[in-house]
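Under my numbering, read the sequence shown as residues 66 to 418, first letter to last.
Note that CB positions come from ideal geometry on N, CA and C, so glycine has one too.
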Amino acid sequence: MKYPRLEIHLDILRRNAEKLYRACRADGVEPVGITKVCCGEPAVAQTLIDAGYRTLGDSRLENIERYRSLSCETMLIRLPMISEAERVAALADYSLNSEITVVEALSAAAVKMNRTHKVIAMLESGDLREGCADEESLHALCRRVHELPGLELAGVGMNFICYGGAQPSTEALTRLIREKNRIEHELGVVIPIVSGGSSANERLMTAGGLPTEVNQLRTGALIHVGIGLMDEKIPGYRDDAYRLKAEIIECNVKPTMPWGKLGTDAFGHINQWVDRGSIRRCIAAVGRADVELECLEAMDPGISILGGSSDHLLLDLSGTEKEYKTGDIVEFKVGYVGVLRACTSPYVEKVCI
Ligand SMILES: *Cc1c(COP(=O)(O)O)cnc(C)c1O
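Here it is in structure tokens:
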């Protein structure tokens, strides 16, 4: 077996995905399954489809391409680059948009391919990432989508809590719905989708604060690692679907304090040390090139993480009864950024089980 390996437990993902799907449906919301954290792993995509998800979304076309042949609709959730417009029209049924020049490029690409591409027009929520800055520019974008060939104005949307920290709110979404109604009236069309946010909206939804017109959420983190708004663990969802296994390459008893003339660590940080005497510790062959070390939690609760560098993870074994030795495997559950890093690292073996 090759290490480090990331084991993806599809049964756990399936349970999380089904639970969220049921919760959304009970509130009149159709969730889109977001796959960017696992780079569009096809077995994960199939698991979401099996759990009921009809549309899967990702920020990268390379990831969508991996599961394009599965029976689902696809959504590009990062604003398209003009330079990728043709691939967007070929690979994605939907995309989120805020720029007139981009939808013009998408229109030309869709016409060329004899396809219809469905546009969700984004309005700024206060988070200050993607979205038309104000109501007028949203109207102008929707008008342009409506008049361009090869495009369908499928929805309006908002995104929260990705940059500025603006939380999903009834007020912001009510503003989006008001504009949708005005645009429908002005253009004489029906805009079927109101895409109201992400996993971060789950708390608002369960609290009854999601306006009834919101009928889509784009959900990833809650399915994959069981977290919602501000990375809070949501009760009932599991956080251990992604697990990293690494091999121990040194086992020793060493002091907790370094000695000699001390400088910075490998990443330029000056660390604070607490003297706890000599402890049982080991090195696992995994590091920042493979995973975000701050996102690891050992499955053995007696193991704690001391720190690490690009290729080494230092573990404190003083809290565990188990006798670890060189060559043994240690297992960790992995949080969101860790999963992303592991899935994008060429050093990590990925295995779906
Ligand atoms: C990543 C992303 C999502 C999904 O967010 P989660 O926190 O993983 O649920 C939704 N919408 C957009 C635009 C995104 O970039």
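* May I ask you to check if the CB of N128 is nearer than 7 Å to at least one heavy atom of ligand 1? => As a position in the sequence shown, residue 128 is number 63, starting the count at 1. No, ligand 1 has no heavy atom inside 7 Å of this Cβ.
* To do: With ligand 1 as the reference, list in chain order each residue whose Cβ lies under 5 Å from any of its heavy atoms.
  => I99, I142, N224, S263, S264, R283, T284, G285, A286
* Count the other C-beta atoms from every protein chain shown that fall within 10 angstroms of the C-beta of M223, then say buried if there are 16 or more, exposed otherwise. => As a position in the sequence shown, residue 223 is number 158, starting the count at 1. By the neighbour-count rule (16 or more Cβ atoms within 10 Å), M223 is buried.
* Rounded C-alpha distance that separates K398 from C197 -> As a working note, residue 398 is residue 333 in the sequence shown. As a working note, residue 197 is residue 132 in the sequence shown. Approximately 38 Å, taken between the alpha carbons.
* **Three-way DSSP call (helix, strand, coil) for K398 in this model** => The residue given as residue 398 occupies position 333 in the sequence shown. Reduced to three states, the DSSP call for K398 is strand.
* Just the Cα atoms here: how many angstroms apart are A205 and Y86? -> Your numbering for residue 205 matches position 140 in the sequence shown. Your numbering for residue 86 matches position 21 in the sequence shown. So the alpha carbons of these two residues sit roughly 34 Å apart.
* Should T166 be labelled buried (16 or more other beta-carbon atoms within 10 Å of its own) or exposed? -> Indexing the sequence shown from 1 puts residue 166 at position 101. With fewer than 16 other Cβ atoms within 10 Å, it is exposed.
* Asked: Going by C-alpha distance, which of L188, I368, P214, C207 is nearest T181?
  -> Within the sequence shown, residue 181 is the residue found at index 116, counting from 1. Considering only alpha carbons, the answer is P214.
* Best match in L218, E169, L75, E201 for proximity to E244 [C-alpha to C-alpha] -> Taking the sequence shown and counting its residues from 1, the one referred to as residue 244 is at position 179. For E244, the nearest C-alpha among the options comes from E201.
* Please work out which residues of its chain come closer than 6 Å, Cβ to Cβ, to V413, disregarding the five sequence neighbours upstream and downstream, and give them in chain order. => For the purposes of this step, residue 413 is taken as residue 348 along the sequence shown, with counting starting at 1. Within the same chain, V413 has close Cβ partners P69, L71, D355, A407.
* Please confirm whether L275 and G261 have their CB atoms less than 8 Å apart. => As a position in the sequence shown, residue 275 is number 210, starting the count at 1. As a position in the sequence shown, residue 261 is number 196, starting the count at 1. Yes, Cβ-Cβ distance for L275 and G261 is below 8 Å.
* Looking only at C-alpha atoms, which of C417, V416, T409 sits nearest to E127? -> Here the question's residue 127 lines up with position 62 in the sequence shown. The candidate whose alpha carbon is nearest that of E127 is T409.
* To do: Give the single residue among L216, S190, L358, I248 whose Cα lies nearest to the Cα of G230.
  => For the purposes of this step, residue 230 is taken as residue 165 along the sequence shown, with counting starting at 1. Nearest of L216, S190, L358, I248 to G230, Cα basis: S190.
* **Backbone CA spacing between I344 and V351 [nearest angstrom]** => Indexing the sequence shown from 1 puts residue 344 at position 279. Indexing the sequence shown from 1 puts residue 351 at position 286. In a straight line, the C-alpha of I344 is about 21 Å away from that of V351.
* Asked: For the beta strand (DSSP E) that H182 lies in, which residues bound it at each end?
  -> Taking the sequence shown and counting its residues from 1, the one referred to as residue 182 is at position 117. First-last of the beta strand (DSSP E) with H182: 182–187.
* Between which two residues does the beta strand (DSSP E) containing V97 stretch? -> Here the question's residue 97 lines up with position 32 in the sequence shown. It spans 95–99 - the beta strand (DSSP E) in which V97 sits, taken as one unbroken run.
* Asked: Among all the DSSP beta bridges, which residues are the ones paired with G373?
  -> On the sequence shown, position 308 is the one that residue 373 refers to. Looking at the DSSP assignment, G373 forms a beta bridge with L378.
* Asked: Three or more beta-carbon pairs under 8 Å between the segment 116–125 and the segment 319–333, yes or no?
  -> no
* Asked: What do you get for K101, buried or exposed, if any count of 16 or more other CB atoms within 10 angstroms of its CB means buried?
  -> Position 36 of the sequence shown, counting from 1, holds the residue named residue 101. Buried.
* Asked: Which whole-angstrom value describes the C-beta separation of I314 and I368, a residue pair presumed to lie in contact below a C-beta threshold of 8 Å?
  -> Position 249 of the sequence shown holds residue 314. Position 303 of the sequence shown holds residue 368. I314 to I368, Cβ: 15 Å. No contact.
* With distances taken between CB atoms, is the gap from D305 to K298 smaller than 8 Å? -> Walking along the sequence shown from the start, residue 305 turns up at place 240. Walking along the sequence shown from the start, residue 298 turns up at place 233. Against a cut-off of 8 Å, the Cβ pair of K298 and D305 comes out as no contact.
* For Y86, name the three-state secondary structure that DSSP assigns. => Residue 86 sits at position 21 when you count from the first residue of the sequence shown. In this structure, Y86 counts as helix in the three-state DSSP scheme.
* Measure how close the beta-carbons of V259 and N280 come, nearest whole angstrom, since I'm counting them as under 8 Å. => The count along the sequence shown starts at 1 and reaches residue 259 at position 194. The count along the sequence shown starts at 1 and reaches residue 280 at position 215. Rounded, the Cβ-Cβ distance is 6 Å, consistent with contact.
* Taking only runs of the alpha helix (DSSP H) that begin and end inside the segment 179–251, which ones reach a length of at least 4 residues, in chain order? -> 200–212
* Asked: Closest to R125 by CA distance: which of G93, Y159, P96 is it?
  -> The residue given as residue 125 occupies position 60 in the sequence shown. Taking only the C-alpha atoms, the option nearest R125 is Y159.
* If we count the other Cβ atoms within 10 Å of its Cβ and call it buried at 16 or more, is S148 buried or exposed? -> The residue labelled residue 148 in the question sits at position 83 within the sequence shown. Exposed.
* Asked: beta strand (DSSP E) containing V351: first to last residue?
  -> Position 286 of the sequence shown holds residue 351. Looking at the DSSP string, V351 is not in any beta strand (DSSP E), and its letter there is neither H nor E.
* Hey, quick one: how far does the alpha helix (DSSP H) through E130 stretch, first residue to last? -> Sequence index remark: in the sequence shown, residue 130 carries index 65 (1-based). Segment 126–132, the alpha helix (DSSP H) holding E130.
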